[in-house]
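S.K.: Before anything else, here's the structure in question.
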Amino acid sequence: MDLFGIPAPLLFGQVLLGLINGAFYALLSLGLAVIFGMLNVINFTHGAQFMMGAFVAWMLLEWLGIGYWGALLLAPLIVGATGIIMERLMIARLYKLDHLYGLLLTFGLGLIIEGLFRNEFGSSGLPYRIPVELQGAWDLDFMFMPVYRGWVVLVAFVMCLATWLVIEKTKIGSYLRAATENPALVQAFGINVPRMMTLTYGAGVALAAFAGVLAAPIYSVNPQMGSNLIIIVFAVVVIGGMGSILGSVLTGFGLGIIEGLTKVFYPEASSTVIFVVMALVLLARPAALLGRS
Amino acid sequence: MDRRSLIIGGSALAGFSARAQAAPIRIGVLTDMSGPYRDPTGPGSVICTEQAVLEFGNRGLAVEVIRADHQNRPDVGANIARQWYDQGVDAIVDVPTSSVALAVNSIAREKNKVFLNSGAATSDLTGAQCSPNTVHFTYDTYMLARGTGAALTRAGGDSWYFITADYAFGHALQRDTSRFVEAGGGRVLGAARYPFPSTTDFSSFIVQAQASRAKVLGLANAGTDTANCIKQAREFGLTRNMKIAGLLLSFMEVHSLGLETCQGLVLSEPFYWNANDRTRAFTQRVRPRMPANAPPAQVQAGCYGVTLHYLKAVAELGAAAARADGRAVVAKMKAMPTDDDAFGPGRIREDGRKLHPCYLWEVKAPAQSTGAWDYYNLLATTPAEEAFRPLAEGNCPLVRS
């Protein structure tokens, strides 16, 4: 059976691959949305922090002999800690100012971090292998599906769900949401709002680093690996509604699929299509899909 | 803009001769300092250019080397080139990324300066776009296509699918390779052109390539894109029934991917540091100053070779005459035979094409490698006169006239 001149199984395979890429978009936009939702800062360092996650995984392996599973836990903690330092030293000073200042600061920091890594490690990338437990592939009739890609989708889905649950259903999440609405009042109840903001930023950064560790075995680990993604992920957050976690996650997976199909029918446009969708969504619904107007 | 200058010869050493007091010969290395091609070009290209100046020594010429990052963007590169030429830069060296190189090529011609290309691959630089002000030194898409493409087609890879970077270089490489595949009785079954440089995930194209049932996957791209394609092709089991042809796969990508992933790949490079005594000697001289003490890659070695030859031509003409007329310097470069440690003896053809032998290499298995950076076994050598596109086929207007 053919659909639009492409055999149906092949098309199905492409949707699946799109979903896998969407998992990365969802995971990255999740951190971006959490940070924007709680801190009102558009974190353009996110791509660099994603890259740092992958590099820390490599360093742990090369310098300390700690493999993939350890890195999956440690790299987000380490990179999250650098995020906390950055928040305390710099970003915290900008909360009262216009969004633009936070955007410029984080964008600049991202460029600096990328430059430092490029100076130290070069541009062509470092090798990082798929862990033994996740090597191999399933031979679905219509395509060859690496086990590791299945793992990525699963983990990304679980992470997204967990983050959503923490923010929407737990006490700590309710504090966070309350602090976003009215920080002075929450502070008056004896909750340390600045510390909560710091930890939220750290957690958002840790999510980016986690995605970086997931990416290390399948993408070339190089300093510019995050800068290609951050623009797309930013579009995802805008389409999903700035600060809406559910919106970002759904948009992430959805855009992955749209991009995947574009790669079959007209690959030349595969990086443009996301921005076409963004423009259309903003024209039709200025508050975006699930955003607050 | 990032600059460093190196002033050698003349003023300090030669006792302030009148000639050395004149404005120095200025060489601008315009390269990728911050993008995917930084490692095989970038700072290493600057160092190799400086190495040529150092080795050329004091022959009454003052030479200054400056550098800039073109960010792989034709508009940025063209602006810097204009500014440099207007401010007295005599020759621009390297310029990886074909779209940027084509822009610089026409500016050099317009301003009658010199363009010494090492890093860009499009064979149009010595074809339809050829210029009396340009020398194309290290490689081109025709040479790479002939080296790797023809060899794999001969070895039974008679059906191809391409993953192509969607800009001048990718198009030229796919076009030139397709010609050799078809001339060898093979067929091209399809191609996917992806947006450069914003693509990271190639799995969709790899699955399309597998579905095409072609025997060879041709990678008409370079740098980290090639590395990503090879890494993901292994992941998707493409190598079970297809061969990968990395058409511009270089030493730096092999290093970044590791021998485990790259073993058995076949690739073409006219320079490999461990090829012979002369290349080893050159490597030993320049390596202490290279980033991470890596041996030079082919494009960087090309910057060395072309700068050395340029300086010889300038010395022959005299600095004042050379500064006044870029076309005369390039004509002189074509008239003189070339010889340097990286590429051996050779010559520059009237269309601007530098001719030297091209080598077909196979990447070693990890067990065969005897140490760091020992990556290749030699499979075949194509003599200089056969490695590049025949003069008549290029349609270079300079040749007809």
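So the sequence lines, in the order shown, correspond to chains A and B. Each residue of the first sequence is one higher than the one before, counting from 3 in this note's numbering. Each residue of the second sequence is one higher than the one before, counting from 1465 in this note's numbering. For each residue, glycine too, the CB sits at the ideal point set by N, CA and C. Just so it is clear, the structure is predicted and the values come from calculations on it, not from any experiment.
1) Determine the closest residue to Leu1713 (chain B) out of B:Ala1585, B:Ala1619, B:Ala1758 and B:Pro1752, with distance taken between C-alpha atoms.
2) Closer than 6 Å by C-beta to Phe1633 (chain B): which residues in its own chain qualify, once you throw out the five before and the five after it? Chain order, please.
3) Let me know the secondary structure DSSP gives His1635 (chain B) once reduced to three states.
4) Is there a C-beta anywhere in chain A that falls below 8 Å from the one on Gln1593 (chain B)?
5) Pick helix, strand or coil for His101 (chain A), following the three-state DSSP scheme.
6) How long is the line joining the alpha carbons of Ile1491 (chain B) and Ala1526 (chain B), rounded to whole angstroms?
7) Going straight from the alpha carbon of Arg1618 (chain B) to that of Arg1610 (chain B), what length do you get?
8) Please classify Ser176 (chain A) as buried or exposed, where buried requires at least 16 other C-beta atoms within 10 Å of its C-beta.
9) Under 7 Å between beta-carbons, which chain A residues line up against Met1716 (chain B)? List them in chain order, please.
10) For Tyr70 (chain A), go through chain B and note every residue whose CB falls closer than 8 Å to its CB, in chain order.
11) How far does the alpha helix (DSSP H) with Ser1732 (chain B) in it reach, from first residue to last?
12) Does the beta-carbon distance from Ser1732 (chain B) to Thr1602 (chain B) come in below 8 Å?
13) Going by CA-CA distance only, name the one from B:Asn1536, B:Glu1519, B:Asp1803 and B:Gly1552 that's closest to Ile1530 (chain B).
14) Helix, strand or coil for Glu1814 (chain B) per DSSP?
15) Closest Cβ-Cβ distance between Arg1467 (chain B) and chain A: below 8 Å?
16) Return the bridge partner residues of Ala1647 (chain B) from the DSSP annotation.
17) Going by DSSP in three states, Cys1822 (chain B) sits in which element: helix, strand or coil?
18) Run through DSSP, which three-state label would Lys1707 (chain B) get?
19) Tell me whether Leu99 (chain A) is buried or exposed, calling it buried when 16 or more other Cβ atoms sit within 10 Å of its Cβ.
20) With a threshold of 16 other CB atoms inside 10 Å of the CB of Asn1859 (chain B), please say whether the residue is buried or exposed.
21) Run through the DSSP bridge pairs and tell me what Trp140 (chain A) is partnered with.
22) Would you mind stating whether Gly228 (chain A) and Phe38 (chain A) have Cβ atoms separated by less than 8 Å?
23) Which residues in the same chain have their Cβ closer than 7 Å to the Cβ of Tyr103 (chain A), if we skip the five residues on either side of it in sequence?
24) With a Cβ-Cβ cutoff of 8 Å, do Leu62 (chain A) and Ala83 (chain A) count as a contact?
25) From what residue to what residue does the alpha helix (DSSP H) around Tyr177 (chain A) run?
26) Closer than 8 Å, CB to CB, is Phe1669 (chain B) near chain A or not?
27) So, does the CB of Arg1639 (chain B) fall closer than 8 Å to a CB anywhere in chain A?
28) Using a cut-off of 9 Å between C-beta atoms, extract the partners of Phe312 (chain A) located in chain B.
29) Do Val1680 (chain B) and Ile1511 (chain B) have their CB atoms nearer than 8 Å?
30) Determine the DSSP secondary structure at Tyr1840 (chain B), reduced to helix, strand or coil.
31) Thinking C-alpha only, which one of B:Phe1852, B:Leu1518, B:Gly1506 and B:Leu1772 is nearest Pro1760 (chain B)?
32) When the Cα of Tyr1736 (chain B) is compared with those of B:Ala1487, B:Arg1744 and B:Asp1588, which residue comes out closest?
M.R.: Per the coordinate set shown:
1) B:Ala1585
2) Ser1562, Ala1585 and Thr1586
3) helix
4) no
5) helix
6) 11 Å
7) 11 Å
8) exposed
9) Ser126
10) Going along chain B, no residue has its Cβ under 8 Å from Tyr70 (chain A), so there is no contact; the nearest lies around 15 Å.
11) No alpha helix (DSSP H) holds Ser1732 (chain B); the beta strand (DSSP E) holding it covers Val1730 to Glu1733.
12) no
13) B:Gly1552
14) coil
15) Note that Arg1467 (chain B) scores 41 on pLDDT, short of 50, meaning its location in the model is unreliable and no value can be drawn from it.
16) Ala1647 (chain B) pairs with nothing; no bridge assigned.
17) strand
18) strand
19) exposed
20) exposed
21) A:Met147
22) no
23) Leu96
24) no
25) Lys173 to Glu183
26) yes
27) no
28) Missing from the structure shown is residue 312 (chain A); chain A here goes from 3 to 295 and no further.
29) no
30) strand
31) B:Gly1506
32) B:Arg1744
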